[in-house]
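Engineer: Okay, here's the structure, questions in a sec.
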Ligand code: I3S
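Numbering (the UniProt record's numbering), first residue to last: 632 to 761.
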């Protein structure tokens, strides 16, 4: 349904708050650093924005809330529910890019994380057809 406001060029769109941490880059393991992010899915790219709380007091402004921290190309990526050994948190997704970056994505409310899971799976499938 290309006329829906949740689509852009045939790709799904969504935005919301999630908890995330990058755990690997180019296949190399990184130390976890869980932070909350304004997360946007647009045009097959998932963008995690910087946590406004990480900005020093006094310099905070609306613009600080939309500074990208990580942009993740979903083409060729995989997403699965993380196994228990990956995190003690509940409802954790594991997103792996085709370039060997890995992210954990988490939210306590099951319905919210389920919606993200579904839309990311559908987007990855859609990108496979292009
Ligand atoms: O996989 P880990 O090492 O148990 O992950 C935990 C650590 O990253 C921890 O930080 P420190 O290494 O600074 O202690 C975080 O505070 C925890 O949240 C991490 O574990 P969870 O289970 O929350 O993903």
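In this text, a Cβ means the ideal position worked out from N, Cα and C, and glycines have one as well.
Please read these numbers as outputs of a predicted model, since none were measured by experiment.
Could you spell out where the alpha helix (DSSP H) holding residue 653 opens and where it closes?
Structural biologist: Taken as a continuous stretch (DSSP letters only), residue 653 belongs to no alpha helix (DSSP H), being part of the beta strand (DSSP E) at 645-656.
Engineer: Roughly how many angstroms lie between the CA atoms of residue 747 and residue 672, to the nearest whole one?
Structural biologist: 9 Å
Engineer: Quick check on DSSP: helix, strand or coil for residue 659?
Structural biologist: strand
Engineer: Could you check if residue 718 belongs to the surroundings of the ligand I3S, using beta carbon to heavy atom distance under 7 Å?
Structural biologist: yes
Engineer: Name the two residues that bound the continuous alpha helix (DSSP H) containing residue 703.
Structural biologist: First-last for residue 703: 699-704, but that is the beta strand (DSSP E), not the alpha helix (DSSP H).
Engineer: Under 7 Å: does the beta carbon of residue 663 sit that close to some heavy atom of the ligand I3S?
Structural biologist: yes
Engineer: Of the residues 737, 752, 743, which one's Cα is nearest the Cα of residue 708?
Structural biologist: Nearest of 737, 752, 743 to residue 708, Cα basis: 752.
Engineer: Is residue 720 helix, strand or coil when you go by DSSP?
Structural biologist: coil
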